[in-house]
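Notes follow the structure.
Number of protein chains: 2
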Amino acid sequence: MIRGARERARAEVGAAIKEEAGRQLAAEGAAQLSLRAVARELGLAPSAVYRYFPNRDDLLTALIVGAYDALGAAAETALADAGTADPLRSWMAVCRAIRGWALARPHEYALIYGSPVPGYDAPPDTVGPASRVPLALVGVVEAADAAGTLASFPGSGQQDEGVSADARRLFQDPGRTIPLTAAVRLVAVWAQLFGLISFEVFGRFDRIIDARDDVFDRAVLDLAHQAGLRPTGTGSAAESAAGR
Amino acid sequence: MIRGARERARAEVGAAIKEEAGRQLAAEGAAQLSLRAVARELGLAPSAVYRYFPNRDDLLTALIVGAYDALGAAAETALADAGTADPLRSWMAVCRAIRGWALARPHEYALIYGSPVPGYDAPPDTVGPASRVPLALVGVVEAADAAGTLASFPGSGQQDEGVSADARRLFQDPGRTIPLTAAVRLVAVWAQLFGLISFEVFGRFDRIIDARDDVFDRAVLDLAHQAGLRPTGTGSAAESAAGR
DNA sequence: TTCATATCGAGACCAGTGCTCTCGAATGGG
DNA sequence: CCCATTCGAGAGCACTGGTCTCGATATGAA
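Protein sequence lines, in the order shown, are assigned to chains G and L.
Numbering of the first sequence is given in this note's numbering, commencing with residue 1 and proceeding in unit increments.
Numbering of the second sequence is given in this note's numbering, commencing with residue 1001 and proceeding in unit increments.
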């Protein structure tokens, strides 16, 4: 794979640029990310950076992909660690992992789940990494379905008509077992979950809610129900069963 | 009020600047909003704008306040139009009005509900206008409470401990009748509602969900339940009763 | 080993930004 | 009517993203 010293050097410098840009992103936010500042910090001429990233947006895209991957990895390891025995427990674990990652890296979170920069539509390279989180959630629902504990949604079959052809292909992919109806529900739940997290990360709960862990857990439990995950055990035992 | 021709002229130019800035915001987004471009469009020297807004952030704040007020007004008129007879109907009306406003003005929505610009924390003038939407939601819950149809939340009284002192003061204000427990629930519901809207406005449902109206209504109905609003009539009649 | 070629970084440069300062002119109140 | 206040213009500063050219350097082939 390694062709020669030149390619190695090139890869190293490219990585250093991305790394330094990541540092600045974490410290100051995406708006303050400046190619020139990155170059300055690395002892490079500003123009030299353009040998590695054709423009600022491309550098930003690299960071976006990195953030999606990091968040996706956090969700996936939480899912793996929780096992498949108790879907509700897995659900809580994944949601908490996502929230924890977001609170620890607010700027990276804002980069991927904040307002999209105008005129910027996600390049194809981002859709894979971006789907890792929703697919982790799908995994939980499929585990519940496999265990036969997934709730059915009577009378909402007609809603499946509203799913786009692309999504239908995605959800009815070989390997996927999630019922289409549950998938539609899950899309809405996914959005609501990130509403909770965004409000907290962006400071909308400041001076309003102190016990954010509790409020989050409570809401996420409701979301689990909305997604078709039934409480384990009886009634109020759900919360403790979910691993508090 | 009008002191003289000079003040009138000053107010007019100030309004023109804000208006032109609003145009540019709607067209291009907040990131592209340039003091110089505004000045250019108005035939002013760039420096002249600084007589009216000390810096770019202040101009942006004026736009933020305007957006909060416009969205708040939309929510309030929806609430007023729906009347207080049927809380669930009011709930749907308010949520739909918010969503409609957001979809029609994506850039203004992003300005107030997207990622906060780094190092910018909301000036005090924004908190009033910003509370209009949540207070409209509170109004719906209070109407349900007054009608005696608000669900109780058994066993979640301890969560009230997590409410900050500020919020407690706010919610237990004279004139407010919402039970503290319901208020806590509503805060989470509020966040989830804006998660739904943000995902749609920011294009996260593109190529996934086609029938967004239906998915939104379905989720908002679940949120109503989560907020303690009980379905009117029996079971599946709720949707039609909610005014589809 | 020698040499042509491809790659690299530096530096000058451009257009644009937010913002400050100064200066002349208009204006309106006493 | 006159003088102080207000206004807009314009120059200028420090910064940004991005382009271009030009030497230096390393690489692969002869």
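Glycine is no exception: its CB is placed at the ideal position from the N, C-alpha and C atoms.
Check	Outcome
Touch test, the stretch 182-194 of chain G against the stretch 1205-1217 of chain L, Cβ-Cβ under 8 Å, three pairs minimum	yes
Same chain, Cβ closer than 7 Å to G/Phe-205, neighbours up to 5 away in sequence not counted	Phe-199 and Arg-212
Nearest-angstrom beta carbon gap, L/Ala-1183 and L/Phe-1171 [assumed within contact, 8 Å]	4 Å
G/Phe-53 at chain L interface by Cβ criterion, 9 Å	no
Closest residue to G/Leu-196 among G/Thr-177, G/Arg-218 and G/Arg-176 (Cα-Cα distance)	G/Arg-218
Element boundaries [alpha helix (DSSP H), containing G/Leu-44]	Per DSSP, G/Leu-44 belongs to no alpha helix (DSSP H) and is neither H nor E.
Where L/Leu-1033 sits in the DSSP three-state scheme	coil
Beta-carbon gap between G/His-107 and G/Ala-16 smaller than 9 Å	no
Residues that L/Ile-1017 contacts on chain G, provided the C-beta gap is smaller than 8 Å	Chain G residues near L/Ile-1017: none, gap ~21 Å exceeds 8 Å.
Test: L/Pro-1231 CB closer than 9 Å to a CB of chain G	no
Status (buried if at least 16 other CB within 10 Å, exposed otherwise) for G/Gly-228	buried
Euclidean distance between Cα positions of G/Gly-162 and L/Ala-1073	31 Å
Minimum Cβ-Cβ distance from L/Ala-1242 to chain G less than 9 Å	Unreliable placement is indicated for L/Ala-1242, whose pLDDT of 45 sits below 50; the coordinate value is still reported in the next sentence. No, because no Cβ of chain G sits closer than 9 Å to the Cβ of L/Ala-1242.
Where the stretch 1169-1197 of chain L meets chain G: residues whose CB sits under 9 Å from a CB there	Leu-1170, Val-1184, Arg-1185, Val-1187, Ala-1188, Val-1189, Trp-1190, Ala-1191, Gln-1192, Leu-1193, Phe-1194, Gly-1195, Leu-1196 and Ile-1197
Helix, strand or coil at L/Ile-1017 according to DSSP, with G and I counted as helix	helix
L/Arg-1056 and L/Pro-1046 closer than 9 Å at C-beta	no
Separation of L/Val-1140 from L/Leu-1088, as counted between CA atoms	8 Å
is_contact[L/Ala-1258, chain G] using C-beta, thresh 9 Å	Outside the displayed span of chain L (1001 to 1244) sits residue 1258 of chain L, for which this structure offers no information.
Pair within 9 Å by beta-carbon distance, L/Leu-1193 and G/Gln-192	yes
Cβ neighbour criterion (16 or more within 10 Å) applied to L/Arg-1008	exposed
Short CB-CB distance (under 9 Å) between L/Ile-1064 and chain G	no
Pick from G/Asp-125, G/Pro-154, G/Leu-103 and G/Ala-93 that is closest to G/Val-220, judged by C-alpha positions	G/Ala-93
Close beta carbons around L/Pro-1129, own chain, < 7 Å, minus the five adjacent residues each side	Val-1065, Tyr-1068, Asp-1069 and Gly-1072
Proximity test, Cβ basis, 9 Å: G/Glu-20 and chain L	no
Inter-residue Cα distance where the pair is G/Ala-26 and L/Ser-1090	42 Å
Own chain, CB closer than 6 Å to G/Glu-19, minus 5 neighbours either side, in chain order	none
Per-residue burial, L/Ala-1242 [other beta carbons within 10 Å of its own, 16 or more giving buried]	Bear in mind that a pLDDT of 45 at L/Ala-1242, under 50, signals an unreliable position, so the model cannot answer this.
Rounded separation between G/Phe-53 and L/Val-1013 - CA only	43 Å
Below-9 Å beta-carbon distance, L/Ser-1164 vs any chain G residue	yes
Spatially closest choice to L/Ile-1178 from L/Gly-1148, L/Gly-1114 and L/Pro-1154, by CA coordinates	L/Gly-1148
Any C-beta of chain L under 9 Å from that of G/Val-138	no
For L/Ile-1209, the three-state DSSP class (helix, strand or coil)	strand
Distance, G/Trp-101 Cα to G/Ala-167 Cα	27 Å
Per-residue contacts from L/Asp-1069 into chain G (C-beta, under 7 Å)	Those within 7 Å of L/Asp-1069 in chain G number zero; the least Cβ separation is about 18 Å.
Residue closest to L/Ile-1098, alpha-carbon to alpha-carbon, out of L/Tyr-1113, L/Tyr-1050 and L/Leu-1150	L/Tyr-1113
Endpoints, alpha helix (DSSP H) assigned at G/Tyr-113	106-113
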